[in-house]
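A.B. asks: Protein sequence lines correspond, in order, to chains P and E. Residue numbers for the first sequence, in our numbering: 1 to 192. Residue numbers for the second sequence, in our numbering: 1001 to 1192.
Number of protein chains: 2
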Amino acid sequence: MKALINKIKSNQDLSLEAEAYLYAISEKKTFSKGTVLIKQGQTTVNKVFFVLDGCLRSYCIDKNGKEHTLQFGIKDWWISDYIAIHNNESATLAIECLKASTVIVFNAKKLNNIFTQFPEYEPFLRNLLERHVVSLHQRILNQLQLTASERYDLFLKQYPDIEQFTRNYHIASYLGVTQESLSRIRVEKIKK
Amino acid sequence: MKALINKIKSNQDLSLEAEAYLYAISEKKTFSKGTVLIKQGQTTVNKVFFVLDGCLRSYCIDKNGKEHTLQFGIKDWWISDYIAIHNNESATLAIECLKASTVIVFNAKKLNNIFTQFPEYEPFLRNLLERHVVSLHQRILNQLQLTASERYDLFLKQYPDIEQFTRNYHIASYLGVTQESLSRIRVEKIKK
DNA sequence: ATAATTTCTTACCATAGGTCAATTTTTTTC
DNA sequence: GAAAAAAATTGACCTATGGTAAGAAATTAT
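Have a look at this one:
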């Protein structure tokens, strides 16, 4: 939790009250590998996670039973089902721990109300959202213009240590290829 | 401009000073079809556009000379090269008018500074960014799980009137297929 | 309106990536 | 650490989409 507070403080001041409130609406928790934090289809999504340590993944299962990974959540990242929260609908995504992970669990509504009481948090969130938008723009452009192999290279650069925690099909479903294709791509890379 | 002010006011109050400032940092302009508002590679991007009327498009040209459309900007949408603005680098995208368009042009820096003087704008922007993030999440998931034909169907639902303004290759490059493939998809649809 | 230009369609072939199934390898469980 | 389960690889084949090129159609410019 201190990690998050310090992160915010590195960019702006924070009153003691504001800091206290953040503690009040959150809870540090550790989950074992395989724990499902949000289940696709559950009727309400009211939690947002800040990752202190470990590795989470958000994904959906389509009508054919195939998984598609939207995001990996590693140290210092936020993860949740923002589609469900924002549209106030049942969970479109599942979130699971790919390894034992320590996260700060926030109540989504309380976190969203923090701004009415402590507008001082606004710049922090604005910056966070902006960076998120930019990274999503980048991801879409990459998906449009790069081959599967190039996307895999980029992925390894962006998440240099993640392969220890993920199964190949996690990465494949993030890149938008089958696990078999990713396997072949990996073989090609080794050859070179 | 009134349209934008009213939009903000529909969700919150706005002081007269704050309203006046918004006028001060913006300028309503009309551009003819084909006008390039941002050129890919230009050294600085310092403008953000709010579309009052018309249709814009942001896209990039890759190393093979192929275009990839990131976004269409229609009535009431914001459009710019947020990648460049946020990373403070030269333009990664181009923005052009697909038809004669009236937009409000904002200075990006001044728009970003508006919050230090008028924090009352924060909730509006936060909401805007959140919705944007959610729609980008949706787009990524769609790209991962839908076929080109399904993505086209969805596109037509999301932008019911846009085909009047766009060339087929604009849409194809947004969906991530070649213009020839889109042409074939369209033929299949007519058959059914 | 007519000519020039751009865009769209279509036919043919090429290819990246998908599917399925068998086998090997790795990871988990007891 | 052995057995069971899960994941990764591999091969054979398949399919959706891409590439090319030429002609048709639509749009734009004169």
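The C-beta atom is built at its ideal place from N, Cα and C for all residues, glycine as well.
Less than 8 Å between the beta carbons of I25 of chain P and K110 of chain P, yes or no?
C.D. replies: By one-based count along the first sequence, residue 25 of chain P stands at place 25. By one-based count along the first sequence, residue 110 of chain P stands at place 110. Going by C-beta atoms, I25 of chain P is nearer than 8 Å to K110 of chain P.
A.B. asks: In whole angstroms, what separates the C-alpha of V1103 of chain E from that of R1126 of chain E?
C.D. replies: Residue mapping note: residue 1103 of chain E aligns to position 103 of the second sequence, counting from 1. Residue mapping note: residue 1126 of chain E aligns to position 126 of the second sequence, counting from 1. Looking at the two C-alpha atoms, the distance is approximately 22 Å.
A.B. asks: Taking 8 Å as the CB-CB cut-off, is H86 of chain P touching chain E?
C.D. replies: In the first sequence, counting from the first residue as 1, residue 86 of chain P sits at position 86. At least one chain E Cβ lies under 8 Å of H86 of chain P.
A.B. asks: Since F31 of chain P and A100 of chain P should fall inside the 8 Å C-beta cutoff, what is the C-beta to C-beta distance between them, to a whole number of angstroms?
C.D. replies: Taking the first sequence and counting its residues from 1, the one referred to as residue 31 of chain P is at position 31. Taking the first sequence and counting its residues from 1, the one referred to as residue 100 of chain P is at position 100. Contact holds; Cβ gap of about 7 Å.
A.B. asks: Could you give the DSSP three-state label for S1173 of chain E: helix, strand or coil?
C.D. replies: Taking the first residue of the second sequence as position 1, residue 1173 of chain E is located at position 173. DSSP places S1173 of chain E in helix when its eight states are reduced to three.
A.B. asks: Which value, in whole angstroms, describes the spacing of the CA atoms of Q164 of chain P and L1175 of chain E?
C.D. replies: What you label residue 164 of chain P is simply residue 164 of the first sequence in a count that begins at 1. What you label residue 1175 of chain E is simply residue 175 of the second sequence in a count that begins at 1. Whole-angstrom Cα-Cα distance: 33 Å.
A.B. asks: Tell me, which residues are paired with H107 of chain P by DSSP?
C.D. replies: Numbered from its first residue, the first sequence carries residue 107 of chain P at position 107. Note that residue 107 of chain P corresponds to Asn in the displayed sequence, not to His. Its beta-bridge partners are P:K47.
A.B. asks: Anyone know if the C-beta pair for A1148 of chain E and V1187 of chain E falls short of 8 Å?
C.D. replies: Sequence index remark: in the second sequence, residue 1148 of chain E carries index 148 (1-based). Sequence index remark: in the second sequence, residue 1187 of chain E carries index 187 (1-based). Contact flag unset, no.
A.B. asks: Less than 8 Å between the C-beta atoms of I1061 of chain E and Q138 of chain P, yes or no?
C.D. replies: Position 61 of the second sequence, counting from 1, holds the residue named residue 1061 of chain E. Position 138 of the first sequence, counting from 1, holds the residue named residue 138 of chain P. Their beta carbons are not under 8 Å apart, which means I1061 of chain E does not touch Q138 of chain P by this criterion.
A.B. asks: Spatial neighbours of Y1023 of chain E within its chain, please: CB distance less than 7 Å, with the 5 preceding and 5 following residues excluded, ordered by chain position.
C.D. replies: Residue numbering aside, residue 1023 of chain E sits at position 23 when the second sequence is read from its first letter. For Y1023 of chain E, where only same-chain residues beyond five positions count, the Cβ hits under 7 Å are M1001.
A.B. asks: If you pair each beta-carbon of the segment 1038–1055 of chain E with each one of the segment 1070–1089 of chain E, do three or more pairs fall below 8 Å?
C.D. replies: Because the criterion of three Cβ pairs below 8 Å is met, the segment 1038–1055 of chain E and the segment 1070–1089 of chain E touch.
A.B. asks: Using a Cβ-Cβ cut-off of 6 Å (strictly less than) and excluding sequence neighbours within five positions of I114 of chain P, which residues of its own chain qualify?
C.D. replies: Counting from 1 along the first sequence, the entry for residue 114 of chain P is found at position 114. Closer than 6 Å at the Cβ level, and outside the excluded window around I114 of chain P, lie Y121.
A.B. asks: Expressed to the nearest angstrom, what Euclidean distance is found between the alpha-carbon atoms of I8 of chain P and I140 of chain P?
C.D. replies: Translated into positions along the first sequence, residue 8 of chain P becomes position 8. Translated into positions along the first sequence, residue 140 of chain P becomes position 140. Those two C-alpha atoms are separated by around 28 Å.
A.B. asks: What does G176 of chain P touch in chain E if you count any residue whose Cβ is under 8 Å from its own?
C.D. replies: Residue numbering aside, residue 176 of chain P sits at position 176 when the first sequence is read from its first letter. Per Cβ cutoff of 8 Å: Q1143 and L1144.
A.B. asks: With DSSP as the reference, identify every bridge partner of A94 of chain P, one or two as the case may be.
C.D. replies: As a working note, residue 94 of chain P is residue 94 in the first sequence. A94 of chain P is bridged to P:Y59.
A.B. asks: Out of E:P1119, E:A1003, E:V1036 and E:L1128, which one is the CA nearest neighbour of S1015 of chain E?
C.D. replies: Stepping through the second sequence from its first residue, residue 1015 of chain E is reached at position 15. Of E:P1119, E:A1003, E:V1036 and E:L1128, the residue nearest in Cα terms is E:P1119.
A.B. asks: What is the C-beta distance between L1154 of chain E and L1146 of chain E, in whole angstroms, given that I count them as a contact (C-beta under 8 Å)?
C.D. replies: Locating residue 1154 of chain E in the second sequence gives position 154, where the first residue counts as 1. Locating residue 1146 of chain E in the second sequence gives position 146, where the first residue counts as 1. With a Cβ gap of about 7 Å, L1154 of chain E and L1146 of chain E count as contacting.
A.B. asks: With DSSP collapsed to three states, give me the class of I79 of chain P.
C.D. replies: Along the first sequence, read from residue 1 onward, the residue named residue 79 of chain P stands at position 79. I79 of chain P falls in the strand class under three-state DSSP.
A.B. asks: Since I believe V105 of chain P is in contact with E19 of chain P (beta carbons under 8 Å), could you give me their beta-carbon distance rounded to a whole number of angstroms?
C.D. replies: Residue 19 of chain P sits at position 19 when you count from the first residue of the first sequence. Residue 105 of chain P sits at position 105 when you count from the first residue of the first sequence. The pair is not a contact, with the Cβ atoms about 18 Å apart (cut-off 8 Å).
A.B. asks: Taking only beta-carbon atoms, is H137 of chain P less than 8 Å away from chain E?
C.D. replies: What you label residue 137 of chain P is simply residue 137 of the first sequence in a count that begins at 1. It does: the Cβ of H137 of chain P has a partner Cβ on chain E nearer than 8 Å.
A.B. asks: Going by C-alpha distance, which of P:V133, P:V45 and P:N107 is nearest L93 of chain P?
C.D. replies: Working through the first sequence from its first residue, we reach residue 93 of chain P at position 93. Considering only alpha carbons, the answer is P:V45.
A.B. asks: Please go through the same chain and pick out, in chain order, the residues whose beta-carbon is closer than 8 Å to the beta-carbon of A108 of chain P, but skip the five residues on each side of it.
C.D. replies: Reading the first sequence from its first residue, position 108 is the one you call residue 108 of chain P. Cβ within range, chain order: V45, N46, K47, V48, S80 and I85.
A.B. asks: Please list, in chain order, all residues of the same chain as Q179 of chain P whose beta carbon is under 7 Å from its beta carbon, the five residues on each side excluded.
C.D. replies: By 1-based counting over the first sequence, the position of residue 179 of chain P is 179. Same-chain partners within the cutoff: N168, Y169 and A172.
A.B. asks: On the DSSP letters alone, give me the boundaries of the alpha helix (DSSP H) that S26 of chain P sits inside.
C.D. replies: As a position in the first sequence, residue 26 of chain P is number 26, starting the count at 1. Element bounds for S26 of chain P: not the alpha helix (DSSP H) but the beta strand (DSSP E), S26 to F31.
A.B. asks: Indicate the three-state DSSP secondary structure (helix, strand or coil) for E1067 of chain E in the structure shown.
C.D. replies: Position 67 of the second sequence, counted from the first residue, corresponds to residue 1067 of chain E. Correct three-state label for E1067 of chain E: strand.
A.B. asks: Shortest alpha-carbon distance to Q1042 of chain E belongs to which of E:R1131, E:I1095 and E:R1151?
C.D. replies: Mapped onto the second sequence, residue 1042 of chain E falls at position 42. Selected option, being the one with the closest Cα: E:I1095.
A.B. asks: So is E1150 of chain E buried or exposed if we call it buried at 16+ other beta carbons inside 10 Å?
C.D. replies: The sequence position of residue 1150 of chain E within the second sequence is 150, counting from 1. Per the 10 Å Cβ criterion, exposed.
A.B. asks: Under 8 Å, do T1035 of chain E and C1097 of chain E count as touching if we go by C-beta distance?
C.D. replies: As a first step, residue 1035 of chain E must be located in the second sequence, where it is residue number 35. As a first step, residue 1097 of chain E must be located in the second sequence, where it is residue number 97. In contact: T1035 of chain E and C1097 of chain E (Cβ atoms closer than 8 Å).
A.B. asks: Would you say I185 of chain P and Y152 of chain P are within 8 Å of each other, going by their C-beta atoms?
C.D. replies: On the first sequence, position 185 is the one that residue 185 of chain P refers to. On the first sequence, position 152 is the one that residue 152 of chain P refers to. A contact, by the Cβ cut-off of 8 Å.
A.B. asks: Could you tell me whether the Cβ of E17 of chain P comes closer than 8 Å to any Cβ of chain E?
C.D. replies: Counted from its first residue, the first sequence places residue 17 of chain P at position 17. Not an interface residue.
A.B. asks: T1116 of chain E: buried (16+ other C-beta within 10 angstroms of its C-beta) or exposed?
C.D. replies: Within the second sequence, the letter at position 116 stands for residue 1116 of chain E. Label assigned to T1116 of chain E: exposed.
A.B. asks: Tell me whether S1149 of chain E sits in a helix, a strand or coil according to DSSP, three-state version.
C.D. replies: As a working note, residue 1149 of chain E is residue 149 in the second sequence. In this structure, S1149 of chain E counts as helix in the three-state DSSP scheme.
A.B. asks: Would you call I38 of chain P buried or exposed, if buried means 16 or more other Cβ atoms sit within 10 Å of its Cβ?
C.D. replies: One-based indexing of the first sequence puts residue 38 of chain P at position 38. I38 of chain P is buried by the Cβ-count criterion.
A.B. asks: Please name the residue or residues paired with V1036 of chain E in a DSSP beta bridge.
C.D. replies: Position 36 of the second sequence, counted from the first residue, corresponds to residue 1036 of chain E. Per DSSP, E:E1096.
A.B. asks: Answer yes or no: do E130 of chain P and L1129 of chain E have a C-beta to C-beta separation smaller than 8 Å?
C.D. replies: Counted from its first residue, the first sequence places residue 130 of chain P at position 130. Counted from its first residue, the second sequence places residue 1129 of chain E at position 129. The answer is yes: Cβ separation under 8 Å.
A.B. asks: Quick one: is P278 of chain P near chain E, going by C-beta distance under 8 Å?
C.D. replies: No answer is possible for residue 278 of chain P: the residues shown for chain P start at 1 and end at 192.
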